[in-house]
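A.B. asks: One structure is given below, represented as structure tokens, and several questions about it will come after.
Number of protein chains: 4
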Amino acid sequence: MKNIAIMCSGGDVSGMNPALKHFVEYTKSKNITPYFIYNGYEGLIDNHIEEATYKDVAGIITRGGTKIGSSRSKRFLEYEYRKVAKENLDNLGIDSLVVLGGDGSFRGLHQFYKDFGIKFCGIPSTIDNDINGTEYCLGVDTALNIIKVAIDSIRDTASSFKRAFVIETMGRDCGYLALITALTSGAEMCLIPEVEYNLADYEKKFKKEIEDGRTYFIAIVAEGIKQDSSEIAKWFEETIGMEARVNVLGHMQRGGNPSIYDRLMAYKFVNYAVDALLKNQNESVVCYTKKGFVYKNIDEVTKPYRLDTELIKSL
Amino acid sequence: MKNIAIMCSGGDVSGMNPALKHFVEYTKSKNITPYFIYNGYEGLIDNHIEEATYKDVAGIITRGGTKIGSSRSKRFLEYEYRKVAKENLDNLGIDSLVVLGGDGSFRGLHQFYKDFGIKFCGIPSTIDNDINGTEYCLGVDTALNIIKVAIDSIRDTASSFKRAFVIETMGRDCGYLALITALTSGAEMCLIPEVEYNLADYEKKFKKEIEDGRTYFIAIVAEGIKQDSSEIAKWFEETIGMEARVNVLGHMQRGGNPSIYDRLMAYKFVNYAVDALLKNQNESVVCYTKKGFVYKNIDEVTKPYRLDTELIKSL
Amino acid sequence: MKNIAIMCSGGDVSGMNPALKHFVEYTKSKNITPYFIYNGYEGLIDNHIEEATYKDVAGIITRGGTKIGSSRSKRFLEYEYRKVAKENLDNLGIDSLVVLGGDGSFRGLHQFYKDFGIKFCGIPSTIDNDINGTEYCLGVDTALNIIKVAIDSIRDTASSFKRAFVIETMGRDCGYLALITALTSGAEMCLIPEVEYNLADYEKKFKKEIEDGRTYFIAIVAEGIKQDSSEIAKWFEETIGMEARVNVLGHMQRGGNPSIYDRLMAYKFVNYAVDALLKNQNESVVCYTKKGFVYKNIDEVTKPYRLDTELIKSL
Amino acid sequence: MKNIAIMCSGGDVSGMNPALKHFVEYTKSKNITPYFIYNGYEGLIDNHIEEATYKDVAGIITRGGTKIGSSRSKRFLEYEYRKVAKENLDNLGIDSLVVLGGDGSFRGLHQFYKDFGIKFCGIPSTIDNDINGTEYCLGVDTALNIIKVAIDSIRDTASSFKRAFVIETMGRDCGYLALITALTSGAEMCLIPEVEYNLADYEKKFKKEIEDGRTYFIAIVAEGIKQDSSEIAKWFEETIGMEARVNVLGHMQRGGNPSIYDRLMAYKFVNYAVDALLKNQNESVVCYTKKGFVYKNIDEVTKPYRLDTELIKSL
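Residue numbers (full-length UniProt numbering), protein chains in the order written: chain A, 1 to 315; chain B, 1 to 315; chain C, 1 to 315; chain D, 1 to 315.
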């Protein structure tokens with residue numbers, strides 16, 4: 001008999017709840033006792049850890065966010081607090097963790113493993129899709145579809161009124177959300193942190209298109225580009241000569257009923273993560289690659305992410 | 001045989017397209033020839049006026065915005081341009097207009113009628129729901145439901161992470177959107193331009209709720225309150241002691257597939273508007289009141305709007 | 001200090017959960033203790049009655065159906081079981097009920113009142129919108145919008161493929177759902193139980209339209225028309241000469257995240273219902289009429305419903 | 001300079017419109033003239049072929065179905081008609097086709113190539129996801145998400161009322177839609193054509209669950225299982241002793257605003273298909289495999305499909 005706990009760490013994503021549900025079902029089917037660590041590292045330190053039941057996960061498959069909460073924690077950076085965490089786990093007989101989070105979370109657990117030998121398996125979870133070594137992070141598909149609805153909605157109003165819209169997606173270092181939604185919504189402009197741009201290059205093209213009859217523009221820009229979205233809007237007004245509005249999509253990108261793809265990926269990620277712990281594999285992260293699901297070690301996953309160059313070419 | 005034209009003026013709303021479709025069908029069933037004036041007053045001046053066909057309106061019922069465009073116009077304030085507009089209508093034998101717009105648009109047409117006797121019937125259309133004399137303006141229900149989806153989505157993430165969210169809805173002078181969405185989404189705070197507020201009043205209440213276990217707050221604020229949304233967020237962080245985020249919903253509130261209610265109201269508004277013109281009624285606006293649909297005159301409709309006091313009491 | 005219980009009876013509708021939430025909040029604000037009767041009449045008999053808390057209603061505002069369950073009950077038709085129900089209420093000091101249900105449910109409570117003097121106030125709740133005396137029953141707007149999405153979706157495929165689609169909505173005796181969705185989605189045919197129809201009348205019209213270039217038809221039919229939907233499809237294939245498919249929308253019409261309109265109506269219905277009981281009003285039903293909210297007595301509400309003749313004329 | 005035409009064949013899927021849009025954009029960027037063949041094989045025979053413009057594809061990215069229509073054709077089975085089709089293409093200087101369709105469509109084009117040397121590249125398009133050699137067929141993700149919404153909606157009502165729901169998805173020979181939606185929505189039963197089942201095996205399990213407190217069941221069944229859905233419902237009523245309802249989802253599964261995944265796959269499929277024709281590759285089909293996109297020949301793609309055994313194990 002074995003006890004495994006699951007926790008969420010860092011920003012929440014849609015797909016965490018389906019993962020929690022399947023975690024309970026899959027561990028029980030393997031005669032493992034599942035535990036929930038509430039509120040991420042904070043709950044680990046504060047001993048907010050409870051055995052998970054079917055009842056806990058009833059009906060959560062349709063909800064965004066995470067039922068067990070998440071957090072960022074400064075305390076976990078200190079050895080003293082990690083030691084408390086270790087004692088909490090010992091008291092419950094838990095020696096393995098499944099962790100839904102990003103590279104920062106994995107780094108914290110790496111230290112925890114080095115200190116105390118608590119095994120973990122990571123499931124990449126961030127709507128930014130910016131974890132090295134995996135093509136997909138949990139939550140991305142739901143986020144993309146939420147952005148799609150917003151863009152489709154704004155396009156209606158843009159086309160009625162001769163206007164440019166500058167729509168800002170999340171993505172501080174990574175333009176994945178902006179790039180994919182621009183590509184799939186026919187946006188006229190897409191600016192991302194990974195690619196140098198020069199507004200002057202767009203000027204001639206856009207003025208020509210206006211001459212040819214174009215009456216509106218949709219620009220999708222990632223949060224992390226060097227300019228503020230309002231500067232892009234100002235450029236449309238002053239240089240292109242078209243009234244412009246900014247729409248910062250914000251946190252609504254995170255939530256919402258998980259898409260089929262995120263539910264299915266949650267299912268598969270959890271299977272691989274639990275299997276890894278059953279095989280006593282240490283410090284691995286489940287990655288989805290061009291060759292299917294593989295395990296990668298912590299070093300690879302915590303390297304800086306680079307956006308698919310093929311996708312960048314579509315710009 | 002009679003010719004009637006329809007135009008959209010001011011901000012577009014979801015529901016204009018179903019209104020255009022039904023306008024074509026209803027006029028034709030009455031042996032009237034329907035015309036579209038493209039791009040609002042601008043098209044009226046520039047003679048962008050065309051006979052409307054079934055083909056023009058095929059498939060538009062599911063689209064937000066307005067297929068015939070809209071505009072605001074400074075030129076129409078000048079007699080010279082209004083005279084050009086009148087000549088354009090004369091040339092096509094059009095003496096009556098249906099106008100989807102707000103009180104500003106109706107005022108312009110009032111002047112046009114005084115100058116040249118062009119009759120019109122107005123259909124109140126603005127997501128702000130701030131036109132005096134009517135309980136409902138076209139587009140409001142769709143806008144409310146779009147805001148609902150955003151709030152439901154944000155609530156997922158708020159509850160996973162111990163955070164306050166300040167969600168800003170449209171409404172420069174009118175808190176209707178904020179008030180109704182706060183009421184129907186269980187928001188903890190709602191601030192609108194019509195009601196004085198004092199953040200200090202919330203402080204004790206919220207701190208007590210945190211003691212009792214509350215882990216997040218949703219505040220819905222209308223665009224037109226005296227403070228910037230970021231100041232409300234700062235208050236949550238500094239006074240309440242909870243991390244806070246701002247989400248300005250922006251123009252995505254305008255668009256989207258029209259709801260059943262807006263499609264049905266579009267249908268009824270158009271019936272009443274065309275009927276008024278057939279009866280040679282002048283300068284009326286179709287209003288939806290507690291007694292059903294009635295016509296009101298331009299003076300009443302252009303008075304300042306006041307929010308339902310019963311609703312305000314729910315705050 | 002007073003105790004009031006709420007129950008759901010008959011078919012569930014979207015809007016019941018927001019009503020339950022507001023019931024708890026509104027009664028508590030009036031110093032009334034709220035109780036939930038689980039599973040309708042069955043729970044009343046089986047003493048499944050519990051004090052309702054804020055926690056019970058957390059997060060339910062976004063869910064269709066009813067958290068406290070509903071049922072139909074043959075036992076409640078018998079005096080013996082009603083007597084047991086009365087004793088259960090007495091033991092908890094409950095003398096008044098708010099009931100979300102249809103005319104059948106109200107009739108049961110009428111008998112209960114005659115037997116034992118338990119006061120109630122009814123809130124009309126059925127997606128069929130077929131309760132006499134009220135223009136609106138809780139759940140209808142959400143149902144209409146779900147049907148809208150299905151029709152919009154089917155229209156895409158109909159127009160790609162030269163086909164007729166026969167879409168069957170709920171409504172055994174009442175064509176409201178079919179009529180409104182046909183009107184607002186531009187369906188080419190709408191058949192409802194309240195209106196005699198003759199397929200032969202459509203034949204000439206439809207054949208003419210095919211000659212003029214029409215490539216598909218959408219027919220919306222209510223569950224309760226005299227023919228089976230498959231017969232209508234057969235008529236399209238054999239008489240009109242166009243391949244046809246049937247889509248019976250079924251129970252998915254009932255559920256789904258409540259629309260703003262249903263959430264708002266739930267709020268108002270509950271206010272009126274609780275107020276009636278506080279005023280010791282007996283056996284009333286809150287009705288939404290052309291004059292706003294009014295109370296009607298049980299006799300009026302249980303009369304047969306008649307569809308708005310103005311709407312029927314739109315056919 | 002080269003001319004390439006695109007056509008849709010067989011059942012329409014959501015994702016065809018984004019593919020058409022990108023086809024126009026991508027061919028033009030390569031200095032190829034794009035043509036649309038309207039209504040599938042029928043339009044090929046009847047010479048309904050036109051040069052495609054940007055205007056043709058404006059705004060279609062958000063629509064399900066296919067703007068250029070589709071068809072099945074008995075005439076194309078005859079040499080005489082294929083010869084007419086070949087002449088139509090010759091007259092326009094078109095020697096290569098991109099075809100969105102299923103294995104039947106590809107077989108027809110194979111014969112056409114053998115007869116007249118018209119090259120083609122196929123894009124697997126069917127919501128059944130049952131084409132051999134590709135892990136993904138265009139349209140599947142949108143269909144899955146539409147089914148998800150329906151199931152989520154039905155679950156609300158199931159849980160309020162103690163009922164079993166038998167939800168029938170499309171899939172005459174292939175249980176993919178049923179299997180994935182069951183897996184991702186936590187359905188209690190899933191029956192598909194590929195797997196033998198015995199209702200008796202479920203009886204003990206379900207009765208035990210009812211004893212343990214379960215109050216409803218969701219069963220997802222594929223269209224092509226050996227029993228009618230109503231028989232499964234009858235089994236729930238008679239053997240399990242729970243009221244049951246059937247919901248046949250039908251054609252609404254086909255349509256709807258394409259999901260991000262389908263829009264992105266449409267983009268990539270089109271790139272690969274056009275590239276194949278530019279390289280004068282014959283009779284290939286773009287397949288998405290565990291190794292990414294590859295071309296497969298017609299023989300492999302027209303073999304019978306087999307469902308992923310790993311997925312089947314999840315049953």
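For glycine and all other residues, C-beta sits at the position ideal for the given N, C-alpha and C.
Return the residues of the region 266-294 of chain D that lie within a Cβ-Cβ distance of less than 8 Å from chain A, sorted by chain order.
C.D. replies: So the close ones are TYR267, LYS290, LYS291 and GLY292.
A.B. asks: Check whether chain C comes within 8 Å of LEU77 (chain B), counting only Cβ atoms and requiring the distance to be less than that.
C.D. replies: Residue 77 (chain B) sits at position 77 when you count from the first residue of the second sequence. It does not: the Cβ of LEU77 (chain B) has no partner Cβ on chain C nearer than 8 Å.
A.B. asks: Using only the alpha-carbon positions, how far apart do GLU237 (chain D) and TYR41 (chain C) sit?
C.D. replies: Locating residue 237 (chain D) in the fourth sequence gives position 237, where the first residue counts as 1. Locating residue 41 (chain C) in the third sequence gives position 41, where the first residue counts as 1. Near 22 Å, if we compare the C-alpha coordinates of TYR41 (chain C) and GLU237 (chain D).
A.B. asks: Taking the CB atoms as reference points, tell me whether ALA5 (chain B) and LEU138 (chain B) lie closer together than 8 Å.
C.D. replies: Working through the second sequence from its first residue, we reach residue 5 (chain B) at position 5. Working through the second sequence from its first residue, we reach residue 138 (chain B) at position 138. Result no, Cβ atoms of ALA5 (chain B) and LEU138 (chain B) do not sit closer than 8 Å.
A.B. asks: What are the boundary residues of the beta strand (DSSP E) that includes GLU168 (chain D)?
C.D. replies: Here residue 168 (chain D) is taken as the residue at index 168 of the fourth sequence, counted from 1. Residues 164-169.
A.B. asks: Helix, strand or coil for VAL13 (chain B) per DSSP?
C.D. replies: Residue mapping note: residue 13 (chain B) aligns to position 13 of the second sequence, counting from 1. Reduced to three states, the DSSP call for VAL13 (chain B) is coil.
A.B. asks: For a contact defined as C-beta to C-beta under 9 Å, what are the partners of GLY69 (chain B) on chain A?
C.D. replies: Your numbering for residue 69 (chain B) matches position 69 in the second sequence. Near GLY69 (chain B) (Cβ distances below 9 Å), the residues of chain A are SER159, SER160, PHE161, LYS162 and THR215.
A.B. asks: Among A:ILE127, A:GLY175, A:LYS114 and A:LEU307, which has the Cα closest to the Cα of THR142 (chain A)?
C.D. replies: On the first sequence, residue 142 (chain A) is found 142 positions in, with the first residue counted as 1. The residue with the shortest Cα to Cα distance from THR142 (chain A) is A:ILE127.
A.B. asks: Quick one, which of C:ALA164, C:VAL248, C:TYR54 and C:ILE123 has its alpha-carbon nearest MET170 (chain C)'s?
C.D. replies: Residue mapping note: residue 170 (chain C) aligns to position 170 of the third sequence, counting from 1. That would be C:VAL248, whose Cα lies nearest to the Cα of MET170 (chain C).
A.B. asks: Determine which residues share a DSSP beta bridge with ILE49 (chain B) and list them.
C.D. replies: Residue numbering aside, residue 49 (chain B) sits at position 49 when the second sequence is read from its first letter. Paired residue(s): B:ILE37.
A.B. asks: So is residue 316 (chain A) in contact with chain D if we call contact Cβ pairs under 8 Å?
C.D. replies: Nothing can be reported for residue 316 (chain A): it is not among the residues displayed for chain A, which extend from 1 to 315.
A.B. asks: Can you grab the Cα-Cα spacing for the pair ASP152 (chain C) / LYS226 (chain C), in whole Å?
C.D. replies: Taking the first residue of the third sequence as position 1, residue 152 (chain C) is located at position 152. Taking the first residue of the third sequence as position 1, residue 226 (chain C) is located at position 226. The straight-line gap from Cα to Cα measures roughly 26 Å.
A.B. asks: Between ALA150 (chain B) and chain A, is any beta-carbon pair separated by less than 8 Å?
C.D. replies: Here residue 150 (chain B) refers to the residue found at position 150 of the second sequence. True, the Cβ-Cβ gap to chain A drops below 8 Å.
A.B. asks: Evaluate GLN253 (chain B) with the Cβ neighbour count: other Cβ atoms within 10 Å of its Cβ, from every protein chain shown; 16 or more gives buried, anything less gives exposed.
C.D. replies: If you number the second sequence from 1, residue 253 (chain B) lands on position 253. So GLN253 (chain B) ends up on the buried side.
A.B. asks: Comparing the C-beta of PHE62 (chain D) with each C-beta of chain A, is any distance below 8 Å?
C.D. replies: By one-based count along the fourth sequence, residue 62 (chain D) stands at place 62. Checking the sequence shown, residue 62 (chain D) turns out to be Thr, not Phe. Output row for THR62 (chain D): interface = yes.
A.B. asks: Taking CB distances under 8 Å as the criterion, tell me whether VAL129 (chain D) reaches chain C.
C.D. replies: Working through the fourth sequence from its first residue, we reach residue 129 (chain D) at position 129. What sits at residue 129 (chain D) in the sequence shown is Asn, not Val. Judged by the 8 Å Cβ criterion, ASN129 (chain D) is not in contact with chain C.
A.B. asks: Going along the chain, which residues of its own chain have a beta-carbon closer than 7 Å to the beta-carbon of GLY256 (chain C), five neighbours each way excluded?
C.D. replies: As a working mapping, residue 256 (chain C) is identified with position 256 in the third sequence. Once the five neighbours on either side are set aside, the close Cβ partners of GLY256 (chain C) are SER14, GLY64, THR142 and ILE146.
A.B. asks: One question on the structure: do ARG163 (chain B) and ARG245 (chain B) come within less than 8 Å of each other, judged by their Cβ atoms?
C.D. replies: On the second sequence, position 163 is the one that residue 163 (chain B) refers to. On the second sequence, position 245 is the one that residue 245 (chain B) refers to. Contact: yes.
A.B. asks: Could you work out which residue in C:SER70, C:PRO34, C:GLU25 and C:GLY101 is closest to LEU89 (chain C) when comparing CA atoms only?
C.D. replies: For the purposes of this step, residue 89 (chain C) is taken as residue 89 along the third sequence, with counting starting at 1. It is C:PRO34 whose Cα lies nearest to the Cα of LEU89 (chain C).
A.B. asks: What is the DSSP secondary structure of TYR295 (chain D), reduced to helix, strand or coil?
C.D. replies: Along the fourth sequence, one-based indexing puts residue 295 (chain D) at 295. Strand at TYR295 (chain D).
A.B. asks: Taking 8 Å as the threshold (beta carbon to beta carbon), is GLY250 (chain C) in contact with chain D?
C.D. replies: As a first step, residue 250 (chain C) is located in the third sequence; it is residue number 250 there, counting from the start. At least one chain D Cβ lies under 8 Å of GLY250 (chain C).
A.B. asks: Does the Cβ of SER159 (chain C) have 16 or more other Cβ atoms within 10 Å, making it buried, or fewer, making it exposed?
C.D. replies: Your numbering for residue 159 (chain C) matches position 159 in the third sequence. SER159 (chain C) is buried by the Cβ-count criterion.
A.B. asks: Consult DSSP for ILE260 (chain B) and reduce its assignment to one of helix, strand or coil.
C.D. replies: Your numbering for residue 260 (chain B) matches position 260 in the second sequence. Note: ILE260 (chain B) maps to helix in three-state DSSP.
A.B. asks: Does the Cβ of SER105 (chain B) have 16 or more other Cβ atoms within 10 Å, making it buried, or fewer, making it exposed?
C.D. replies: Taking the first residue of the second sequence as position 1, residue 105 (chain B) is located at position 105. With 16 or more other Cβ atoms within 10 Å, it is buried.
A.B. asks: Who are ASN247 (chain C)'s beta bridge partners in DSSP?
C.D. replies: On the third sequence, residue 247 (chain C) is found 247 positions in, with the first residue counted as 1. Answer by DSSP bridge pairing, in chain order: C:ILE167.
A.B. asks: For the putative contact between VAL99 (chain A) and ILE123 (chain A), defined by C-beta atoms under 8 Å, what is the C-beta separation to the nearest angstrom?
C.D. replies: Numbered from its first residue, the first sequence carries residue 99 (chain A) at position 99. Numbered from its first residue, the first sequence carries residue 123 (chain A) at position 123. Contact flag correct, Cβ pair sits at about 7 Å.
A.B. asks: When the Cα atoms are used, what is the spatial distance from TYR267 (chain C) to ASN297 (chain C)?
C.D. replies: Within the third sequence, residue 267 (chain C) is the residue found at index 267, counting from 1. Within the third sequence, residue 297 (chain C) is the residue found at index 297, counting from 1. Their backbone Cα atoms lie some 21 Å apart in a straight line.
A.B. asks: Under 9 Å between beta-carbons, which chain D residues line up against ASN257 (chain A)? List them in chain order, please.
C.D. replies: Position 257 of the first sequence, counted from the start, is the residue given in the question as residue 257 (chain A). Those are LYS148, VAL149 and ASP152, listed as they occur along chain D.
A.B. asks: What is the DSSP secondary structure of ASP275 (chain A), counted as helix, strand or coil?
C.D. replies: Taking the first residue of the first sequence as position 1, residue 275 (chain A) is located at position 275. The answer is helix: DSSP assigns ASP275 (chain A) an H, G or I state.
A.B. asks: Looking only at its chain, what residues have a beta carbon closer than 6 Å to the beta carbon of CYS287 (chain C), apart from the 5 residues adjacent to it on each side?
C.D. replies: On the third sequence, residue 287 (chain C) is found 287 positions in, with the first residue counted as 1. Contacts found: GLY133, THR134, VAL294 and LYS296.
A.B. asks: In this structure, does DSSP put SER70 (chain B) in helix, strand or coil?
C.D. replies: Sequence index remark: in the second sequence, residue 70 (chain B) carries index 70 (1-based). Three-state DSSP puts SER70 (chain B) in coil, outside helix and strand.
A.B. asks: Identify every run of the alpha helix (DSSP H) within the region 126-196 of chain B, keeping only runs that are complete inside it and at least 4 residues long; order them along the chain.
C.D. replies: With a minimum length of 4 residues, the continuous alpha helix (DSSP H) runs that stay inside the region 126-196 of chain B are 140-161 and 176-185.
A.B. asks: Just checking my contact of TYR38 (chain A) with HIS48 (chain A) at CB under 8 Å: how many whole Å lie between their CB atoms?
C.D. replies: Residue 38 (chain A) sits at position 38 when you count from the first residue of the first sequence. Residue 48 (chain A) sits at position 48 when you count from the first residue of the first sequence. TYR38 (chain A) to HIS48 (chain A), Cβ: 4 Å. Contact.
A.B. asks: Which same chain residues end up closer than 8 Å to TYR136 (chain D) when comparing Cβ atoms and leaving out the 5 residues on each side of it in sequence?
C.D. replies: Within the fourth sequence, residue 136 (chain D) is the residue found at index 136, counting from 1. Contacts found: PRO124, ASN129, MET265 and TYR288.
A.B. asks: Kindly indicate the opening and closing residues of the beta strand (DSSP E) around ILE118 (chain C).
C.D. replies: Here residue 118 (chain C) corresponds to residue number 118 of the third sequence, with the count starting at 1. Segment: none, ILE118 (chain C) is in no beta strand (DSSP E) and carries neither H nor E.
A.B. asks: So, is residue 329 (chain B) buried or exposed, given that buried needs 16 or more other C-beta atoms within 10 angstroms?
C.D. replies: Outside the displayed range of chain B (1 to 315) lies residue 329 (chain B), so it cannot be described from this structure.
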